[in-house]
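With my numbering, letter number 140 in the sequence shown gets 1483, and the count goes up by one each step, no holes. Positions of the beta carbon are idealized from the N, C-alpha and C atoms, including for glycine. Predicted, not measured: the structure shown is a model, and the values here were computed from it. See below for the structure under consideration.
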Amino acid sequence: MGSWLAFFIYNSLLLLLSPVWAVYAISRGLSGKEARWDERLGRLKMVERQGHPRVWVHAVSAGEVAAAAPIIRSLLSRRPESLVFLSTITRAGREMASKVCTQVSQTFYFPVDLPWVVRRSLSAVRPDVVVLVEGEIWPNFIFEAGRRGIPVVLVSGRISEKGYRRSALVKPFLRWAFGNICALGMQTETDAQRIVSLGAPLERVRVMGSAKYDEEAAPLSDADVAALRASLGLAGDEPVLVAGSTRPGEEEQILEAYRILLGRFPNLRLILAPRHLERVKEVEELVVRAGYSCTRRTELLRGGGKPASNVILLDTMGELGRIYAVASVAFVGGTLAPIGGHNILQPIAQGKPVFFGPHVHGIRDVAAQAMEAGVGFRINSGVELASEAAKLLGDPNALAELRAKCLGLVEANRGAAERYAQMILEAAGGNCRPHQEVLMLG
């Protein structure tokens, strides 16, 4: 299938599905959920500010926004006169942006990838360069940017094994799309090999590392950890298991591990942080049915650090990274459930050893680095988590050694954000243009 035919089929499908999207958007609006049709249809009310270059960064949701944050900070530290506009697709992405991307000039929802909507959006933003984070490919948006001579770059690019298998089915289409991106910065050699095999021009692909290491905050000071423990109602010597970003089916296994561990460590506390806040009530009911008292984090904040229950349920947004600082050991979810894994660098950056299940295809390289460094441990069940965690909880010297290894791993891998910022500025300066014959769907 040629590129022109693939492009025609893509736009035909978009037009056919437009009524479905309209019904979905209306239903969200009627249900009180944030829709922002004006933004999604390209009717952007831009704040007029003077600055150069104008950089449009697109990050689909919360994880990608968090990955973009250190790159944006590096870019603005180099060129503080720059204007950075951040788009996202989900409400979670927008909420994350309000917390970690406060330096951007404006945040808005990404436009629907229809030709006339894309044209309206690009005319409103007037970017000098477009930055796609991790792997967002929107054909009409990329094509229209190229037609206007606006360079498009991919930063912190990654292609999971599952995504690679799917992408192979539309390789001619991707060959055209990647051909319109003038620089593709990939996280690992594997990611680079995959994107080249899918049609990206070899000479434009660079292995530049993961900005996630730059994203992670420095470890909290002893004083900050003590204050955080007090706000959680934790005594100074109580061991803590933090289970973050948990998914359905994982909480039951974590509670089983907790039950086993209590037999040896009766003062152990558990902090549970479900991946999605809408599941807080469901998880709370699971905890109570398992026979444990449960206190929500928001209750502790209102109560001024009153003593917590056996289990603390984290029902706040954007706090998990700091909460890992009070952990003795941590578990990161989306790994016992077949999701692919969530951010294991958050606990590592706070000096905490991390356990995860077998399903790490979405974080394969970071998981491999953690295991190679001796700070990441793969388990297959709650029972196995209890067995392995007990070895560490019973050995303070081992925990101290692991803290040093964790912090060393993060420090050794910092710097990717600076490299991506340099690539963006080079593109904005005109040093990055796709070949015209590829741009025009040749």
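Looking at the DSSP output, F1451 sits in a beta bridge with S1430. For V1539, the uninterrupted alpha helix (DSSP H) segment begins and ends at 1532–1540.
Taking all protein chains in view, the Cβ of T1589 is crowded by 16 or more other Cβ atoms within 10 Å, so the residue is classified as buried. Remark: C-beta atoms of A1668 and L1584 do not approach each other more closely than 9 Å.
Distance between Y1353 and N1483, taken at the CA atoms: about 9 Å. I1614 is bridged by DSSP to V1585, I1655. Within the segment 1471–1542, the runs of beta strand (DSSP E) that reach at least 3 residues and sit entirely inside it are, in chain order, 1472–1476, 1495–1500, 1526–1529. According to DSSP, residue pairing for H1401 in a beta bridge involves S1430, L1475. For a cut-off of 8 Å, the C-beta gap from V1697 to I1706 is around 11 Å, too long to register as a contact. Taken in chain order, the unbroken stretches of alpha helix (DSSP H) that lie wholly in the segment 1746–1778 and span 4 residues or more are 1759–1771. Pairing L1577 with P1681, the inter-Cα distance amounts to about 33 Å. For V1675, the uninterrupted beta strand (DSSP E) segment begins and ends at 1672–1675. For T1641, DSSP assigns no beta-bridge partner whatsoever. In this structure, the straight-line span from the alpha carbon of M1766 to that of L1643 is close to 45 Å.
In chain order, S1503, K1505, G1677, H1702, V1703, H1704, G1705, I1706 place their CB closer than 8 Å to the CB of G1683, counting only its own chain and leaving out the 5 sequence neighbours on each side. A distance below 6 Å between beta-carbons, with the five flanking residues on each side excluded, links G1661 to the following residues of its chain, in chain order: K1442. Taking C-beta atoms as the reference points, E1546 and P1413 fail to come closer than 9 Å.
For P1609, the number of other beta carbons within 10 angstroms of its own is below 16, and it is reported as exposed. Pairing L1663 with R1639 gives a Cβ-Cβ distance that is not under 9 Å. Straight through space, the alpha carbons of W1399 and E1761 are spaced by roughly 17 Å.
In the DSSP assignment, G1719 falls within the beta strand (DSSP E) that extends over 1719–1721.
The beta carbons of L1387 and F1451 sit closer together than 9 Å. Nearest neighbour of S1724 by Cα position, chosen from T1445, E1599, V1390, turns out to be E1599. Within its own chain, the residues whose Cβ lies closer than 8 Å to the Cβ of V1718, once the five positions on either side in sequence are excluded, are I1691, P1696, V1697, L1745, K1748, C1749, L1752, listed in chain order. The C-alpha of L1512 is placed about 35 Å away from the C-alpha of F1720. For V1548, the uninterrupted beta strand (DSSP E) run begins and ends at 1548–1550, by DSSP. The C-beta separation of V1455 from R1383 comes to about 6 Å, placing the pair in contact by the 8 Å criterion. In the three-state scheme derived from DSSP, where H, G and I count as helix and E and B as strand, V1697 is classed as strand. No Cβ-Cβ contact shorter than 9 Å links V1568 with A1770. Within a 10 Å sphere around the beta-carbon of F1453 sit 16 or more other beta-carbons, which makes this residue buried.
When rounded, the separation of the alpha-carbon atoms in P1582 and E1391 is 52 Å. Collapsing the DSSP output to three states places P1396 in coil. In this structure, R1537 places its C-beta atom within 9 Å of the C-beta atom of Y1507. Here the alpha carbons of A1410 and L1418 stand approximately 14 Å from one another.
Contact between T1431 and A1440 holds, since their C-beta atoms are separated by about 6 Å, short of 8 Å. Excluding five sequence positions before and after L1429, the CB atoms of its chain that fall closer than 6 Å to its own CB belong to V1400, A1440, C1444, V1447, T1450, given in chain order.
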